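Number of protein chains: 4
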Amino acid sequence: MADDRAIAPVRMAMVGGGPDSFIGPVHRMGAELDRRIRLVAGAFSSDAARSRSTGLGYGLDEDRIYSDWRAMLAAERTRPDGAELVAIVTPNHLHLPVALAAIAAGFHVASDKPATATLAEALELQRALEGSGSVYALTYTYSGYPMVRRARAMVASGAIGTVRKVVVQYPQGWLATPIEQQGDKQAAWRTDPQRAGVGGCIGDIGVHAFHLAEFVSGLHVDQFVADLAATVPGRTLDDDCNLLLRFGGGARGVLIASQISTGEGNDLSLHIYGSKAGLIWHHDEASRLTVRHADGRMEVLQAGAGPQGMGARLPAGHPEGFIEAFGNIYCDVADAIRGQRELIDDRVPGIKAGVRSMRFVEQAVMASAQGAGWVALERDGA
Amino acid sequence: MADDRAIAPVRMAMVGGGPDSFIGPVHRMGAELDRRIRLVAGAFSSDAARSRSTGLGYGLDEDRIYSDWRAMLAAERTRPDGAELVAIVTPNHLHLPVALAAIAAGFHVASDKPATATLAEALELQRALEGSGSVYALTYTYSGYPMVRRARAMVASGAIGTVRKVVVQYPQGWLATPIEQQGDKQAAWRTDPQRAGVGGCIGDIGVHAFHLAEFVSGLHVDQFVADLAATVPGRTLDDDCNLLLRFGGGARGVLIASQISTGEGNDLSLHIYGSKAGLIWHHDEASRLTVRHADGRMEVLQAGAGPQGMGARLPAGHPEGFIEAFGNIYCDVADAIRGQRELIDDRVPGIKAGVRSMRFVEQAVMASAQGAGWVALERDGA
Amino acid sequence: MADDRAIAPVRMAMVGGGPDSFIGPVHRMGAELDRRIRLVAGAFSSDAARSRSTGLGYGLDEDRIYSDWRAMLAAERTRPDGAELVAIVTPNHLHLPVALAAIAAGFHVASDKPATATLAEALELQRALEGSGSVYALTYTYSGYPMVRRARAMVASGAIGTVRKVVVQYPQGWLATPIEQQGDKQAAWRTDPQRAGVGGCIGDIGVHAFHLAEFVSGLHVDQFVADLAATVPGRTLDDDCNLLLRFGGGARGVLIASQISTGEGNDLSLHIYGSKAGLIWHHDEASRLTVRHADGRMEVLQAGAGPQGMGARLPAGHPEGFIEAFGNIYCDVADAIRGQRELIDDRVPGIKAGVRSMRFVEQAVMASAQGAGWVALERDGA
Amino acid sequence: MADDRAIAPVRMAMVGGGPDSFIGPVHRMGAELDRRIRLVAGAFSSDAARSRSTGLGYGLDEDRIYSDWRAMLAAERTRPDGAELVAIVTPNHLHLPVALAAIAAGFHVASDKPATATLAEALELQRALEGSGSVYALTYTYSGYPMVRRARAMVASGAIGTVRKVVVQYPQGWLATPIEQQGDKQAAWRTDPQRAGVGGCIGDIGVHAFHLAEFVSGLHVDQFVADLAATVPGRTLDDDCNLLLRFGGGARGVLIASQISTGEGNDLSLHIYGSKAGLIWHHDEASRLTVRHADGRMEVLQAGAGPQGMGARLPAGHPEGFIEAFGNIYCDVADAIRGQRELIDDRVPGIKAGVRSMRFVEQAVMASAQGAGWVALERDGA
């Protein structure tokens, strides 16, 4: 902030995020929270009236509200004040075509997870990014939380000793009944293989859990057993996932992701146990991190206290949440666009994480369908 | 959002909020969160370099970054794109002069609490507002939380029966040691009668507790006994406050506000008991509201589930916090400025709440100093 | 346990504790938990059939089940295997006559709180105890909890610095409706001045809160303001109590005891803040003690871990509760009877605490009735 | 209790439970808590001095304190006041010989888990029990908790709909370091295959988790994948267990049992999700049961409120714990001995549960060692 010129915000266009969207507004609020990014254009819906309504609600100029994202990319790339960054918040099947077109047109990309609908698509996207100048970021939300970042830093510093066990759980209950047959749009596309891709729950929230486990532990899953089920009658995609994990180095773990855990909201949790201490984080108490020491001591660390640089904006006791976590990721995206490319694939998930997640999704779906036991999860050349 | 034109955001200028400010950035982020308001100018500090640094950090045009708030008001009132709303985030002693000047110049005002440094000042401000066209709002943060608004609605609807007891507690620990003597700027002005006004802790956070109790219960405090102490050696203003309350209609209560509750963060809490049920809210779990029924049933209500209109942006399980609570208040401020004046003094605290709070502060300070027992709290003509 | 002879348990007789009693069985279970005491006789009810039913349920010999407690005392004092200790678990108005008779007959006494129905009675009891050889203990339950004892030890050791603030709260909701008019026996005698004595809620649970505050802080309440209310129509005794406290040495505090806090169970809590740290204990999480340090660190201590001698029987993570807390007090009673008289008035409340509590009750009731402000609480020659 | 004669308590002898025992005293306190059972004899240790010290500490007659459990069985069977019930609280390898001898001599048996050290032993025990008149009970502690029993009743009543998912987790950290090499006796025998049997963690606490899952869900595990690890160098038995489960009827689940979850105490938890609601129970908050409804409502049920017959002795808000849970099981044991044999294998685990658990342990150990995938868990003729 001690610069001698105003910091020009990164100009952002959004694809998706129309009137019924949950995640579109979150991207918008998070991206703009710190004034590092500014929404300037959007193709919020292919229905012109719906897109217009959303854009006007944001106060956008009418001529920068589009119903065709291809038209938007074409128009924005030539404007002197045109968007630099494209946020993709559509159903999964559009992630690839939008991202490819955006990259081809020279935009940077921030995409909601999962990277694509299939592994093949993710690999295609990876190839497209090679040699391009585009920053590509995947919004694995939970990696933006201050106490997740602090947990990761503690593990990396050796504070908990050698990691031995990682349990990650993501219980949701909103798909416990077949609401996709009752007009719920969010449920409809997520349970539709044409729009969601190969994975249901595993692709929707399993990837969050998978990323969180690797992000904080600093380890890679090498083997797994997957049991994925389509529990609610009428579904073809999984809505409940249970996996055993083995990490490189010998740590073991469990991953649970479920959308039929009736009544549950969004309490993603991580338990990571090392030879010296254990760390426990729950999304329902996102500003806290519990440390359990081998000698029985139990500490509760709080966001806003302790080391700087974890992303807390406010002192301890002033709750921050989901939007702020998005904000932290988008700050890093802005920094990456403005030059700090090294943030991508380190603190901010990029296409590597995208490919890895899709490989995980696809192998898990296949292994489960085959009733397989232990399966090796391939590592991409890293 | 279904309007046919873009919604023009309210243009805001800020007074205060320089590099060391805690609350300035919160006002900025909250105000802008929903794109209803846009910061366009600021006099962030009387030190030109510090003000400039802050303003450039926000990406403001250099010519709209001021070091003299009077100059800012003069300049902004004449610009066609000038600010409409002035946010006051200075130490308390400047609340009145800035507000008076802003009102005189035709601006709307959103002021941090307390309204002013003394009751006399609050009454002067009230007179200035009479007949002016200015919207005046006081950011009693906690009234912006969805579950506080839901508690209020439940009480008003009779869901808990007749209110009998109200316990409001605001424990902080950050002034447990004399950090004002060790260079802490936030502590320095709050413990200085010249800048803080007549109340220390009572004016800083006691007013939050007082407002919350009346806001949710719908009752007025009629009598109280106050025990205010300057605990840490060297202080003249109170840093610890304990009060018994009696409300109109016969309910009783307790108000605790403390800044020497060592180790405590910011866990303001409200317990309100009616003849049918009790409601419990804690800032540390701001997205939850516990309902305890006379028959023993215990329910936990969550923000983002249940009735609309309480201010939750996200579905249950996605934590929102302090910034979002500010955002809710600022949305109402924008609505009020754009025509819905009735929101002020109803859902959004205005000068009435300001005068009432300052009367409370001043009477509490005086009664405590005199060792008085029960004291009647005057009601302003309402 | 390394002695060379069997440890003979203290033989106990019980007065009160018939079929509808809540606290009688708790005394019995607590007293016998560690095999230091054995129930051998009882006058559980003045209704012979009810007393017999209770006694047979405990497996007592028929000839040691009485309906007249005077007859029991007469008989047991002359048996070679007669009771040594009398547990008094009747409504308050019988505490004095039973205790006086028991002491006169050479028994030791363990009495439920409050000591007596009035201060005059407590003083009479104190005189009777002087020069007698009887051990007299008051079962202030909460002083038996391991984490309460640990908190007390921490305060005494200086671990939290100088005590500045003590907030004790005892919210219950079971008398929020007039259940005493609907056949509830527990409510009937507690709301009846003839059986409960001068205090309602203040005598029933306010004394627990008062004792806990002094027990842990090591301080004495010197002054208070009391606001006691009979909230539910038809009551003459208080059912809701709010008090401001000032302790010797300058600490301040608040005491809340309520039986109309609708929906609340029995979550007595203590917050005690010193110049270095704060301690927080809640009965709902009785096996934990939270320590909040001035530097922001927050620790959670657990019963069964840490220093010995606090009364935990089991390692951390194995919950103990109300019965075990009674057991800890009764262990001390047994030790006192077997020779360690110094435990009484130190770790175990005796008649000093009884007189002090009744003075507190009577002064609080009177001061509140008079609408008094600050009142000095007399200290008994200690 | 309304009988016309005193209820004679069941006379109990104990094998094991000497000076260093954790669980022996818990059995003793639990068994005696409700005066349904009375410890009259014991062979607490094969070291005569240690056994004597323990027995005298309990106030036992010297002639009923033994160092040889065979001698005890011989002596007690012939005394007119001899023990009727033998409590087995030894290391696992002694469970079978003591139980067989006790049954042969006509005693009833209450054994700590696991039933035996191996499946073959459990089957041998089962054969011995057939045709004998002995009651045999296994103290799966957690099945004695009121809220576990309530959860089971709710599931059985259809309150949560069809069970779809069961997650049971038992994290402990006390074996995170090799304390068995540092003189810890509890750790020494549990990590020694000669004394613990085929399973380490899986036999010690995994069986608790397994039993809890089946007990509450009313379902049987039909298939599993097991990943058991001996994490701490030097161990041959497992200290960390992760399993995927499939239940009859199609429900899926996860079982985690670990003794290297550093810093964890004993917070066994159960999450069970049905088509209508989810139930969540944590040992750390054993007196509460959370119900999460499909429509988003969240209720917290409390022990001591609600339906009778779940085993709570005290009204809501008065915590009960581990000893009381044992007490509930022992009450049922006493009832079974006094005639209600049907309680065994229904509410109280008997040899069926014992055989089943040992089959689970042995198959899990074997399958994990082989790196197997899905394995069928055989059902015993039920």
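Protein chains in written order, with the working numbering: chain B, 1 to 382; chain E, 1001 to 1382; chain X, 2001 to 2382; chain G, 3001 to 3382.
All C-beta atoms, glycine included, are put in the ideal place defined by N, C-alpha and C.
Computed from a predicted structure; not experimentally measured.
For residue i, return the contacting residues in chain B, with the cut-off set at a CB-CB distance below 8 Å.
i                  : result
Asp3227 of chain G : Val225, Leu244, Arg246, Arg252
Ala1008 of chain E : Gly59
Nearest-angstrom Cα distance between residue i and residue j?
i                  : j                  : result
Thr2090 of chain X : Ser2357 of chain X : 18 Å
Ala2382 of chain X : Val163 of chain B  : With a pLDDT of 44 at Ala2382 of chain X, under the threshold of 50, the predicted position of this residue should be treated as unreliable, and no value is reported.
Tyr3136 of chain G : Arg3359 of chain G : 18 Å
Tyr1145 of chain E : Glu1324 of chain E : 8 Å
Arg2028 of chain X : Ala2117 of chain X : 23 Å
Met3001 of chain G : Ser2053 of chain X : Reliability of the predicted coordinates at Met3001 of chain G is poor, the pLDDT of 39 falling under 50, and the value obtained from them is presented with this limitation in mind. Approximately 6 Å, taken between the alpha carbons.
Asp2267 of chain X : Tyr2170 of chain X : 6 Å
Glu3214 of chain G : Gly3253 of chain G : 11 Å
Thr2139 of chain X : Gly3306 of chain G : 28 Å
Arg2070 of chain X : Ser1217 of chain E : 53 Å
Lys352 of chain B  : Ile3088 of chain G : 57 Å
Ile2023 of chain X : Gly2017 of chain X : 7 Å
Ile179 of chain B  : Ala188 of chain B  : 8 Å
Val2348 of chain X : Ala2110 of chain X : 10 Å
Asp1332 of chain E : Ser261 of chain B  : 37 Å
Anything in chain X within Cβ reach of residue i, meaning under 7 Å, just list it in chain order.
i                  : result
Thr1231 of chain E : Arg2164
Ala316 of chain B  : Gly2296
Val300 of chain B  : Met2298, Val2300
Using the beta-carbon of each residue, which ones in chain E are nearer than 8 Å to residue i?
i                  : result
Val2216 of chain X : Chain E residues near Val2216 of chain X: none, gap ~15 Å exceeds 8 Å.
With residue i and residue j assumed to form a contact (beta carbons below 8 Å), what rounded beta-carbon distance in angstroms separates them?
i                  : j                  : result
Gly1327 of chain E : Asp1034 of chain E : 6 Å
His282 of chain B  : Phe247 of chain B  : Going by Cβ atoms, the distance from His282 of chain B to Phe247 of chain B rounds to 22 Å, so no, they are not a contact pair.
Gly173 of chain B  : Gly3278 of chain G : 7 Å
Ala2151 of chain X : Gly2206 of chain X : With 8 Å as the limit, Ala2151 of chain X and Gly2206 of chain X do not qualify as a contact, their Cβ atoms being about 20 Å apart.
Ala3083 of chain G : Ala3041 of chain G : 5 Å
Met1147 of chain E : Ala1303 of chain E : 5 Å
May I ask which residues mark the beginning and end of the alpha helix (DSSP H) holding residue i?
i                  : result
Val2089 of chain X : It is not in any alpha helix (DSSP H) - Val2089 of chain X carries neither H nor E in the DSSP assignment.
Thr3078 of chain G : 3069-3078
Ala153 of chain B  : 146-156
By the criterion of Cβ-Cβ separation under 7 Å, what are the contact partners of residue i in chain B?
i                  : result
Arg1035 of chain E : Tyr58, Gly59
Pro3282 of chain G : It is worth fixing the name first, because residue 3282 of chain G is His in this sequence and not Pro. Going along chain B, no residue has its Cβ under 7 Å from His3282 of chain G, so there is no contact; the nearest lies around 13 Å.
Quick one: which chain G residues come within Cβ less than 8 Å of residue i?
i                  : result
Phe2322 of chain X : Leu3314, His3318, Pro3319, Glu3320
Would you mind reading off the limits of the beta strand (DSSP E) that contains residue i?
i                  : result
Arg35 of chain B   : Run containing Arg35 of chain B: none; DSSP gives neither H nor E here.
Gly2304 of chain X : Looking at the DSSP string, Gly2304 of chain X is not in any beta strand (DSSP E), and its letter there is neither H nor E.
Show which residues of chain E have a CB atom less than 7 Å away from the CB atom of residue i.
i                  : result
Ala3305 of chain G : Gly1296
Trp2374 of chain X : Gly1371, Gly1373
List the residues of chain X whose Cβ lies closer than 8 Å to the Cβ of residue i, in chain order.
i                  : result
Pro3091 of chain G : Ordered by position in chain X, no residue passes the 8 Å Cβ test against Pro3091 of chain G, which lies about 18 Å from the chain.
Quick one: does the C-beta of residue i sit closer than 8 Å to a heavy atom of the ligand PLP?
i                 : result
His220 of chain B : Here there are no bound small molecules, and the ligand PLP is not part of this structure.
Complete alpha helix (DSSP H) runs within the segment 3180-3212 of chain G (minimum length 4 residues, chain order) = 3185-3190, 3193-3196
What runs of the beta strand (DSSP E), each 3 residues or longer, lie entirely inside the segment 3093-3128 of chain G?
-> 3108-3111
Selection of the segment 2257-2277 of chain X by Cβ proximity to chain D, strictly under 9 Å = No chain D appears in the structure shown, which is made up of the protein chains B, E, X and G.
If you scan the segment 1338-1371 of chain E from start to end, which runs of the alpha helix (DSSP H) of 4 or more residues do you find wholly inside it?
-> 1351-1369
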